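Residue numbers (our numbering): 132 to 518. Take a look at the structure set out below.
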């Protein structure tokens with residue numbers, strides 16, 4: 132089980148002071164937050180991609196490469212790589228390079244994003260969003276697994292004998308999560324390739340995400356990647372904590388009320404009742420998130436949104452101290468209880484390499500039917516290679 136944080140890179144006014152940080156201040160604050168996440172024992176830092184104010188993260192690979200050089204164990208990810216408007220050739224090259232620079236400490240989450248105008252900015256039609264996601268990822272998947280690619284599709288020029296460079300580290304592609312908050316087609320896509328499915332359940336009731344995750348698990352098994360409970364699931368979340376619950380509520384309320392996405396909408400009380408946002412004591416957060424497996428099954432990654440809505444850097448670092456010092460150790464213990472042995476851990480580069488090598492060895496020694504062992508999580512990247 133991996134625990135970490137993600138950021139959407141918003142630059143938002145602090146409603147308690149009226150001050151808005153500059154781009155430079157917000158970028159430097161994010162770098163500090165990422166390094167502190169490793170210091171407090173978190174596993175993952177994920178960065179979103181946006182191309183419009185009030186967000187600054189238009190080049191996640193640049194930022195993550197810098198963080199990789201400043202950290203040793205932190206897994207670096209994205210909190211959406213726009214598969215619809217980015218050229219899959221450029222994604223293949225950029226993230227393979229980041230994979231090399233980080234020593235394999237990288238994976239990425241594919242998604243369509245939540246900003247409609249980005250499509251025409253990059254010459255795309257939003258009405259083709261799902262089709263773009265499907266076609267572009269099919270090409271990206273092949274570019275990382277085939278040395279030379281002949282390809283022709285609807286949305287970009289054909290390729291003939293094309294090789295993306297650099298090739299993936301150790302011949303194993305970065306692990307991919309497919310992120311969605313509403314689209315069953317994306318859950319189906321993740322299942323088809325044996326990739327991970329990330330449900331960023333920060334907006335809607337759990338029943339909505341239970342349906343998406345259930346679909347993904349069923350289709351993962353249908354495509355022969357393993358049993359449904361071996362599918363690779365990640366969840367988003369939001370918390371704000373103080374020792375005393377009422378202090379947490381009083382401090383966070385003005386930030387919630389003015390947040391860029393849900394501000395000036397539902398009340399804090401209604402939103403926390405309907406979504407995983409938990410504002411209160413560390414124990415309340417532990418209790419709330421320990422219950423997630425009751426609804427979603429055993430899963431592999433839990434990421435929290437911690438630095439949005441204008442919260443000052445000092446406050447975010449304090450939140451990370453509580454998260455890493457009190458909450459995550461308790462959640463690790465809770466999620467380890469009665470976890471079936473066949474349920475996989477979160478994929479890492481080392482585990483993917485080991486699974487690839489095991490599959491090759493199995494194929495070489497099996498004289499009966501050449502069957503690969505396909506139930507382990509690491510084979511998600513291998514099993515999908517022929518698709």
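Where a beta carbon is used, it is the ideal one built from N, C-alpha and C, also for glycine. This one's a predicted model, so the numbers in the text were calculated from it and none came from an experiment.
For residue 381, the enclosing alpha helix (DSSP H) stretches over residues 376-388. For residue 453, the three-state secondary structure derived from DSSP is helix. Shown here, residue 351 sits in a helix according to DSSP, grouped into three states. Here the alpha carbon of residue 226 sits roughly 30 Å from the alpha carbon of residue 450. Burial is judged here by how many other beta carbons sit within 10 angstroms of a residue's own beta carbon; residue 153 has fewer than 16 and is exposed. Bounds of the alpha helix (DSSP H) holding residue 157 are 154-170. As for any beta strand (DSSP E) of minimum length 3 sitting wholly inside the segment 196-230, the runs are 206-209, ordered along the chain. For residue 448, same chain residues with a beta-carbon under 8 Å away, outside a window of 5 residues either side, are 163, 164 and 167 in chain order. The Cβ atoms of residue 137 and residue 173 lie no closer than 8 Å to each other. Selection 398, 335 and 474 evaluated against residue 359 yields 474 as nearest (Cα-Cα). Between residue 240 and residue 308 the beta-carbon gap is near 4 Å, inside 8 Å, which marks them as a contact. Using a 10 angstroms sphere on the CB of residue 149, the tally of other CB atoms stays under 16, which defines it as exposed.
If only complete runs of 4 or more residues are kept, the segment 305-369 shows the alpha helix (DSSP H) at 315-324 and 337-353, in order along the chain. Within the model, the alpha-carbon separation for residue 255 versus residue 161 is close to 30 Å.
Sequence-distant Cβ neighbours of residue 374 in its own chain, meaning closer than 7 Å and more than five residues away, are 412.
Residue 208 and residue 140 have their C-alpha atoms roughly 14 Å apart. Comparing alpha carbon positions, the residue from 219, 328 and 300 closest to residue 477 is 328. The distance from the Cβ of residue 334 to that of residue 312 is about 6 Å, consistent with a contact at the 8 Å cut-off. Annotation for residue 408: 369 and 402 place their beta carbon closer than 6 Å to its own, counting only its chain and skipping 5 residues before and after. Under the three-state reduction of DSSP output, residue 187 falls in the coil class, being neither helix nor strand. Counting along the chain, the unbroken alpha helix (DSSP H) around residue 423 starts and ends at 423-427. About 30 Å separates the CB atoms of residue 421 and residue 143; that is not less than 8 Å, and the two are not in contact. Residue 194 is positioned such that its CB atom lies no closer than 8 Å to that of residue 253. For the pair of segments examined, the segment 285-292 was found to touch the segment 262-269: the number of CB pairs separated by less than 8 Å reaches three. Annotated three-state conformation of residue 149 is coil, per DSSP.
Taken through DSSP and simplified to helix, strand or coil, residue 396 comes out as coil. Per DSSP, residue 440 lies in no alpha helix (DSSP H) and is assigned neither H nor E. The segment 376-391 makes no contact with the segment 335-347: fewer than 3 CB pairs, one atom from each, lie closer than 8 Å. Comparing alpha carbon positions, the residue from 268, 302, 430 and 397 closest to residue 345 is 430. Pairing residue 281 with residue 274 gives a Cβ-Cβ distance that is not under 8 Å.
Residue 137: member of the beta strand (DSSP E) spanning 133-138, first to last residue. For residue 290, the uninterrupted beta strand (DSSP E) run begins and ends at 290-293, by DSSP. With a 10 Å radius around the Cβ and a threshold of 16 neighbouring Cβ atoms, residue 310 comes out buried.
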